[in-house]
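Written below as structure tokens is the structure these notes are about.
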Amino acid sequence: MNPVKYNSLKLNGETGELVRRITDNWLIGIRETNPAIIDMFRDRDLRPYRDLLPWSGEFAGKYITGAYYVYRLTGKKALYEYVTNFIDELLTYQDSDGYIGCFSKACRLTGAYSQDPSRTGFTWDAWSHYHIMYGLLLWYDLTGNGEYFRAVEKAARLFMNKFYDGKPTIVSIGWSEMNLAVYHIFGILYRRTKNPEYLYFASKIESDLSDEAAGDYINYSLKGYEYYQCGKPRWESMHIIMGIAEMYRNTGNQKYLEVASQIFYSILKTDVHNTGAFSTDEQAIGNPYKNSAIETCCVVAYNALGIEIYSLNGDIKIADFLERSHYNAVLGFNSPSGRWSTYNTPMEGTKCANYHSINFQCRPGSPDLNCCSVNAPRGVASVYDWMLTDNDGTLCLNFYEDMYAELSNGLTVEISGGYPATNRITVKVNSNGLKQKIAFRIPEWSVNSVIVSDGETFRPAAGKYFAIKKIWDSEITIEFDFTPYTEEGGGDYTGKSSIYAGPILYAFDNAENPQIDFENLPVISGKELEEAVPVLQADGSITLSFSNGVVLTDFYHAGVSGSSYKTWFKIE
30 MNPVKYNSLK LNGETGELVR RITDNWLIGI RETNPAIIDM FRDRDLRPYR DLLPWSGEFA
90 GKYITGAYYV YRLTGKKALY EYVTNFIDEL LTYQDSDGYI GCFSKACRLT GAYSQDPSRT
150 GFTWDAWSHY HIMYGLLLWY DLTGNGEYFR AVEKAARLFM NKFYDGKPTI VSIGWSEMNL
210 AVYHIFGILY RRTKNPEYLY FASKIESDLS DEAAGDYINY SLKGYEYYQC GKPRWESMHI
270 IMGIAEMYRN TGNQKYLEVA SQIFYSILKT DVHNTGAFST DEQAIGNPYK NSAIETCCVV
330 AYNALGIEIY SLNGDIKIAD FLERSHYNAV LGFNSPSGRW STYNTPMEGT KCANYHSINF
390 QCRPGSPDLN CCSVNAPRGV ASVYDWMLTD NDGTLCLNFY EDMYAELSNG LTVEISGGYP
450 ATNRITVKVN SNGLKQKIAF RIPEWSVNSV IVSDGETFRP AAGKYFAIKK IWDSEITIEF
510 DFTPYTEEGG GDYTGKSSIY AGPILYAFDN AENPQIDFEN LPVISGKELE EAVPVLQADG
570 SITLSFSNGV VLTDFYHAGV SGSSYKTWFK IE
């Protein structure tokens, strides 16, 4: 299941509007509004040393990665030019040995802060290199600029010169669940170049994974443990798990696919909240019903792993998950303005801008920079990787917002109808005289779907792909079942349920219900629930109204004004 290639693409729905606002209100101009994002590399040997976070060097890498994903959706020339200029400037601060971090020469990849090279085990320098190297690879693919690829290989050579074979291990520099993420990069480099040095180095990193200071993910998984039961169940390790999946691509060894898949499905079973978000207090805990911090970075990383596993097994359940997460967790951690995102987007509570919640990360010259502010755009725009996919010649449609796409083979797809606010869409396809098999994702929640094609009516099964092979020069209509449905809670929410219609989770926004006591919400009856119909509002929000006076709002728009919200209700 690989993403298709486009000659042109335009998203005309809410996602398209959001990525355009993110482009204009956040991505373009970050060098000027937060100059330290690059200057920290320029000044790394300048005394007095900057007061940096362990992960400060990641900001530039996450930024260019997120900008890459957004550019693919928008095609905005100004963004392309801005980011390539940003990268070109960043690369002027890569040293001759390949180092592209923000710590002094004495502290390069040692785990030490510049202020005290003798004390190691504190910085995430390898992790920061990982994000920069990953972003550079993406922009190399986009631009064909060989300097970007050569910069990645220079950094890789630095790692190979510094670690293993009688030299320190990466685990020895501390924070293994972060710093070992370069495992993923070396897997990618081997797949692209077939240079055996890269595969060898990846195998040395893999030996580090079983160290007691690391997560021992492979052995725990093969023994059947849930992810939250391993030694390092934090979110950062999702990037290591993607490295395990990459090793499957490189070797064909089923063990790697088994491990990466088992970890993804384990988290899906034990640690994904009603919003489609992974993590509680930045890790897996085995309980999705604890209302605590749900970090934006955790959601982005887990969804990236989900896309990776989906690309390998084509499981429609993953596509269903990605849709729920996209419309709730992912859109929900963004302001509709595109100007800010959250650190924590709880199931119930308030949405605060990340530079309020984690303002300890703010530094002179970087007032808006933190781990989540630079990562959030990737979360929204990664929809590109699963919206339309190719499965051995079958075009799979997974994403039903309004759009127009011309694929690289000349086939065009136009979707209209206003999904996910409305349940009836029209898909117009022109295959230019070629017989093309197209499979439509019928979500598990759409129990009674109706498809009409060339005057023929079909009632496809829920939770499966429905495929038609023909010469397309026509349109197809799909009517999804938007009957509201509930999912029961547990733990802190035993006796309560969440309410959905289509892929949307609905929330009680205190500001939209001034006549109702927030602490004592009325019970919603099953009859009221069955009769409720989603309604699109002028501000882009979607509401469900009940006869008892309660008005629920889609999770993306809930709490955007700073008001409190709830997503768990008593259903009669």
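Position in the sequence shown (from 1) plus 29 gives the number in my numbering. Where a beta carbon is used, it is the ideal one built from N, C-alpha and C, also for glycine. This one's a predicted model, so the numbers in the text were calculated from it and none came from an experiment.
query: Can you tell me whether glutamate 255 is buried or exposed? The criterion is at least 16 other CB atoms within 10 Å of its CB, across all chains shown.; result: buried
query: Pull the bridge partners of tyrosine 494 from the DSSP assignment, please.; result: Arg470
query: So, with DSSP's three-state summary, where would you put alanine 382?; result: strand
query: Could you check how far apart the C-beta atoms of isoleucine 338 and serine 411 are, in whole angstroms? I think they sit under 8 Å.; result: That belief does not hold up - the Cβ atoms of isoleucine 338 and serine 411 are roughly 14 Å apart, past 8 Å.
query: Pick out the complete alpha helix (DSSP H) segments inside the region 389-421, 4 residues or longer, and give them in chain order.; result: 405-410, 413-416
query: Would you call the region 305-321 in contact with the region 513-526, where contact means no fewer than 3 C-beta pairs closer than 8 Å?; result: yes
query: Specify whether the region 459-475 and the region 499-516 touch according to this definition: at least 3 beta carbon pairs, one from each stretch, less than 8 Å apart.; result: yes
query: Quick check: the region 353-367 against the region 47-64, are there 3 or more CB pairs under 8 Å?; result: yes
query: Alanine 306 and valine 328: beta carbons closer than 8 Å?; result: yes
query: At what residues does the alpha helix (DSSP H) containing asparagine 577 begin and finish?; result: Taken as a continuous stretch (DSSP letters only), asparagine 577 belongs to no alpha helix (DSSP H), as it is neither H nor E.
query: Report buried or exposed for leucine 534, applying the criterion of at least 16 other Cβ atoms within 10 angstroms of its Cβ.; result: buried
query: Using C-beta distances below 7 Å, list every residue in its chain close to proline 449, excluding the 5 sequence neighbours before and after it, in chain order.; result: Tyr356, Gly531, Pro532, Ile533
query: Can you tell me whether lysine 261 is buried or exposed, with buried defined as 16 or more other CB within 10 angstroms of its CB?; result: buried
query: Count the CB pairs spanning the region 386-393 and the region 414-434 that are closer than 8 Å, and state whether there are at least three.; result: no
query: Start and end of the beta strand (DSSP E) containing asparagine 36?; result: 35-40
query: Helix, strand or coil for glycine 95, going by three-state DSSP, please let me know.; result: helix
query: Going by CA-CA distance only, name the one from Asn577, Tyr177, Ile571, Leu436 that's closest to asparagine 36.; result: Leu436
query: Along the beta strand (DSSP E) that carries glutamate 435, what are the first and last residues, could you check?; result: 432-436
query: Give me, in chain order, the residues of the same chain whose beta-carbon lies closer than 7 Å to that of glycine 335; leave out the 5 immediate sequence neighbours on both sides.; result: Phe293, Ile347, Phe350, Leu351
query: Could you tell me whether the Cβ atoms of isoleucine 571 and aspartate 583 are closer together than 8 Å?; result: yes
query: For the putative contact between valine 458 and leucine 440, defined by C-beta atoms under 8 Å, what is the C-beta separation to the nearest angstrom?; result: 7 Å
query: Report all residues from its chain with a CB closer than 7 Å to the CB of serine 266; omit the five preceding and five following residues, and keep chain order.; result: Glu206, Gly244, Tyr246
query: Should serine 590 be counted as a contact of the ligand ZN given a C-beta to heavy atom distance under 7 Å?; result: Absence of the ligand ZN is noted for the structure shown, with no ligands found whatsoever.
query: If you scan the region 57-116 from start to end, which runs of the beta strand (DSSP E) of 3 or more residues do you find wholly inside it?; result: none
query: Which residues does DSSP pair with alanine 536 in a beta bridge?; result: Thr582
query: Return the bridge partner residues of tyrosine 605 from the DSSP annotation.; result: In the structure as shown, the chain begins at 30 and stops at 601. Residue 605 is therefore absent and cannot be evaluated.
query: Evaluate aspartate 154 with the Cβ neighbour count: other Cβ atoms within 10 Å of its Cβ, from every protein chain shown; 16 or more gives buried, anything less gives exposed.; result: buried
query: Does the beta-carbon of lysine 91 have 16 or more other beta-carbons within 10 angstroms, so that it is buried, or is it exposed?; result: buried
query: At the level of alpha carbons, what is the spacing between isoleucine 67 and arginine 186?; result: 22 Å
query: According to DSSP, simplified to helix, strand and coil, what is asparagine 363?; result: strand
query: Out of Gly394, Pro393, Asn303, Thr379, point me to the one whose CA is closest to serine 354's CA.; result: Asn303
query: What does DSSP give as the partner residue(s) for glutamine 312 in the beta ladder?; result: Arg263, Thr309
query: Which residues in the same chain as alanine 490 place their Cβ atom closer than 8 Å to its Cβ, once the five residues preceding and following it in sequence are excluded?; result: Ile471
query: DSSP on tyrosine 514, reduced to helix/strand/coil?; result: strand
query: How would you write the range of the alpha helix (DSSP H) that serine 321 sits in, first residue to last?; result: Unbroken run through serine 321: none, as it is neither H nor E.
query: By Cβ distance, which residues of its chain are closer than 6 Å to glutamate 443, with the 5 residues on each side in sequence left out?; result: Tyr433, Lys457
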